[in-house]
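Position 59 of the sequence shown, counted from 1, bears residue number 355 in this note's numbering, the numbering being contiguous throughout.
Reviewing the structure listed below.
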Amino acid sequence: MNTKSALRTELRTRRLALASGPEGELRSRLMQERLLASPLWRDCRRVAAYMAVKGEAGTSLLLDEARRTGRALFLPRCRRQGEEGWPGGMDFLLCEAGTPLMPSRFGIPEPPPDAPALSPAELAAPDTLLIVPALAFD
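Right, here's the structure in full:
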């Protein structure tokens with residue numbers, strides 16, 4: 297295993313340990329509540345977020361609050377083989393209440409491919425809040 301792969305494996309293990317159990321649930325809830333109380337949340341009209349998996353910080357409070365307060369909620373969808381931008385391409389698609397989510401090839405729930413997409417201009421707009429998971433940063 298190369299150094300980068302070993303580091304990613306170690307960091308995933310640590311992240312999962314931090315996210316597990318009641319303490320992990322508390323950390324996740326507090327992170328979300330802090331964002332919900334911030335000017336970033338107050339000033340946004342659109343939220344582009346993710347569905348948390350494998351120890352990522354939870355997003356359920358954010359997703360619920362976006363819907364409850366009428367903000368447009370967008371979730372990522374990985375492009376499929378044969379689609380422009382494959383492999384590695386991703387779009388943020390509108391996820392309205394009741395939208396059926398379908399598992400991606402990675403098992404992550406995604407909006408259907410025919411849902412409206414967040415445009416690059418909307419993604420870059422100051423009233424769009426982009427929430428992404430991170431394994432590590434420096």
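Backbone N, C-alpha and C fix where the C-beta goes; we use that ideal spot for every residue, glycine too.
As the structure is a computational prediction, the values presented were derived from the model and not from experiment.
Reduced DSSP category for L357 - H, G, I as helix; E, B as strand; rest coil: Taking the first residue of the sequence shown as position 1, residue 357 is located at position 61. Secondary structure at L357: helix, using DSSP grouped into helix, strand and coil.
Proximity winner among R342, Q377 and A353, relative to A421 (alpha-carbon distances): By one-based count along the sequence shown, residue 421 stands at place 125. Shortest Cα-Cα distance from A421 to any of R342, Q377 and A353 involves R342.
Proximity to G403 [Cα-Cα], best of C374, C391, D387 and G385: Along the sequence shown, one-based indexing puts residue 403 at 107. Residue C374 is the option with its Cα nearest to G403.
Residues near A353 by beta carbon distance below 6 Å, same chain, minus five either side: Looking up residue 353 in the sequence shown gives position 57. The answer, listed in chain order, is S324 and M327.
Candidates D387, L307 and A411: closest to G351 by CA position: Taking the sequence shown and counting its residues from 1, one reaches residue 351 at position 55. Cα-wise, what sits closest to G351 is L307.
Cβ shell of A348 (< 6 Å), same chain only, five flanking positions each side left out: In the sequence shown, the residue the question calls residue 348 occupies position 52. Result list for A348: G354 and T355, in chain order.
Sub-8 Å separation of L371 and C391 beta-carbons: What you label residue 371 is simply residue 75 of the sequence shown in a count that begins at 1. What you label residue 391 is simply residue 95 of the sequence shown in a count that begins at 1. The beta carbons of L371 and C391 sit closer together than 8 Å.
Length-filtered (3 minimum) beta strand (DSSP E) runs lying within the segment 348 to 424: Correct list: 368 to 374 and 386 to 390.
Alpha-carbon spacing of P396 relative to P407, whole angstroms: Taking the sequence shown and counting its residues from 1, one reaches residue 396 at position 100. Taking the sequence shown and counting its residues from 1, one reaches residue 407 at position 111. Between P396 and P407, the alpha-carbon positions lie close to 7 Å from each other.
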